[in-house]
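For reference, the structure is listed below as structure tokens.
In my numbering, the protein residues as written are 15 to 164.
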């Protein structure tokens, strides 16, 4: 079973851009939130799996802020097109001042305070691992974080 391409895009716009989806249930559909709010991008060093209970190990190098980086739920934060979403602005994490880690995954979360599986909405593996050590500031260039809905 799958969703229509149009609805996949509408769903991503609802989640990432706070856009309403008309005619779901009735003409008013799924309304946009009264307050736009943020989504949070987190970095991980080990496998995040499809199993909701396995959320991986979030980075912990000195300088990394647990809970991730806030990205506004609007077109200023995310670009949505054709069933895909990417970051519309550079996503910059805290610079590493001590320790080292090998970042392999990212996750998109509803909040920055909860580590339970019900608050993680998307995750993915980086196209190549990122070695973080003192002096390195992890960041994603515009369009580098991509989530596909299918």
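Where a beta carbon is used, it is the ideal one built from N, C-alpha and C, also for glycine. Bear in mind that the values here come from a model prediction, so they are computed numbers and not experimental data.
Burial state of residue i, where buried means 16 or more other Cβ atoms lie within 10 Å
i	result
residue 23	buried
residue 32	buried
residue 19	exposed
residue 127	exposed
residue 50	exposed
residue 69	buried
residue 27	buried
residue 43	exposed
residue 102	buried
residue 82	buried
Identity of the residues DSSP links to residue i by a beta bridge
i	result
residue 116	145
residue 75	Bridge partners of residue 75: none, in fact.
Closest Cα partner of residue i within the set the options
i	options	result
residue 91	55, 112 and 121	55
residue 120	159, 103 and 113	159
residue 141	47, 76, 154 and 87	154
residue 143	157, 130, 114 and 26	114
residue 87	81, 96, 123 and 59	123
residue 135	15, 25 and 146	25
residue 131	48, 39 and 72	72
residue 111	15, 77, 35 and 156	77
Backbone CA spacing between residue i and residue j [nearest angstrom]
i	j	result
residue 125	residue 133	7 Å
residue 37	residue 45	10 Å
residue 176	residue 164	The structure shown does not extend to residue 176, since the chain spans only 15 to 164, so no value can be given for it.
residue 118	residue 29	24 Å
residue 79	residue 96	32 Å
residue 75	residue 138	20 Å
residue 60	residue 146	14 Å
residue 94	residue 161	9 Å
residue 85	residue 47	16 Å
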